[in-house]
Amino acid sequence: MHNGRIKWLILWIPTLTIGLWEYVRHAFLLPYMSMDLGNFLAPFIVLAVTLTVVRSLFVRLEQSQDALQREKATSAALEERERLARELHDGISQSLFLLAVKLDQLDAAVQEGPVKPLAAGLRETVRIMHEDVRQAIASLRLPPSPDTAAWVMPLRELLGETAGITEARAEFMWDITDKSLTDKEKVELHACVREALINVRKHAKASTVYVIGESDGHGGFRCAVEDDGAGFSVDPLRAPERFGLRMVKDRATRMGWTFAAERRGDRTVIEWIKEGGQA
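Heads up: the sequence shown begins at 3 in our numbering, then just goes up one per residue.
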């Protein structure tokens with residue numbers, strides 16, 4: 003329903019309610035109800051309609067306005083990304099291209115001597131930088147996705163660091179949207195994932211490490227750090243040296259999330275679940 007129609011309904015429903023009540027009262031109830039009783043009931047009838055029908059219209063209006071604000075924010079973000087992409091293309095990218103041309107000319111002019119390998123090295127560096135800029139431009143022109151949100155990128159970097167230290171393969175799968183989490187949930191989830199990845203570094207000896215973030219579509223999520231390493235020799239929440247995972251469980255409990263740390267098939271799973279609709 004259009005916002006303008008909702009506003010008109012909010013204005014007219016109380017008036018129509020009292021008008022309909024007066025008509026019914028005088029046409030059908032007057033022999034059975036005194037004027038004083040009718041006048042006494044009128045504001046309560048309007049209040050009841052307001053708390054039911056009008057209140058639901060206010061909720062729909064607020065939801066519509068929130069959706070409009072999100073759409074405006076998304077549109078502004080996309081416009082800013084496009085502006086940055088244009089600036090990169092028109093500025094740095096063009097300058098790198100011209101620099102590459104100059105280096106080609108220098109390389110052609112110098113037949114031998116120490117300058118030639120230096121020019122070749124510089125040309126290769128410029129080529130790599132130019133490719134990086136082109137990829138950045140392409141990324142900016144793509145719509146933002148859940149796994150490229152600003153607060154999610156450090157999780158990806160933590161996974162990359164863990165994979166580098168343990169010489170394991172990293173798999174990052176994330177579709178929890180930015181707006182579905184509060185700022186506090188983002189902070190707590192980041193801390194939990196970080197501690198779980200530190201645990202993988204210390205104990206797992208894994209060949210593949212996974213960070214998974216799955217939305218349930220109703221405001222809830224499942225987040226997990228999984229690996230195919232050695233697993234737990236004892237209950238990790240009772241082992242005297244596993245303070246980190248106990249702190250992670252405490253964090254999850256305070257947030258009202260379900261926490262699990264267990265072996266499932268060939269994977270060790272550290273998991274947090276928030277049920278949809280949970281505050």
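Cβ atoms here follow ideal geometry from the backbone N, Cα and C, with glycine treated the same way.
Within the same chain, and ignoring the five residues on either side of V51 in sequence, the residues whose Cβ sits closer than 6 Å to its Cβ are T19. By the C-beta criterion, the stretch 267-274 is judged to be in contact with the stretch 193-209, since at least 3 inter-stretch pairs fall below 8 Å. By the criterion of at least three beta-carbon pairs nearer than 8 Å, the stretch 207-225 is in contact with the stretch 163-181. With respect to G166, G222 sits apart: the two C-beta atoms are not nearer than 8 Å.
E277 carries a coil assignment under DSSP once its states are collapsed to helix, strand and coil. If you draw a straight line from the Cα of L247 to the Cα of E82, it comes to about 41 Å. Judged by DSSP in its simplified three-state form, W176 adopts strand.
Residue environment analysis places R129 among the exposed positions, since fewer than 16 neighbouring C-beta atoms fall within 10 angstroms of its C-beta. Here DSSP, grouped into helix, strand and coil, assigns Y212 to strand. Closest in alpha carbon position to G40, among V48, L49, R27, P33, is R27. Looking at the backbone, the Cα of I12 and that of V55 are separated by about 9 Å.
Closest in C-alpha terms to V202, from the list H220, E228, K9, comes E228. Nearest neighbour of G233 by Cα position, chosen from L86, L183, E264, turns out to be E264. Per DSSP, the beta bridge partners of A263 are I272. For K204, there are no CB contacts under 6 Å within the same chain when 5 residues up- and downstream are skipped.
The DSSP-derived three-state label of A226 is strand. Per DSSP, the continuous alpha helix (DSSP H) segment holding T17 begins and ends at 5-26.
Counting the other Cβ atoms within 10 Å of the Cβ of A152 gives fewer than 16, which makes it exposed.
DSSP places P45 inside the alpha helix (DSSP H), whose first and last residues are 37-51. In this structure, the alpha-carbon of G267 lies about 15 Å from that of A226.
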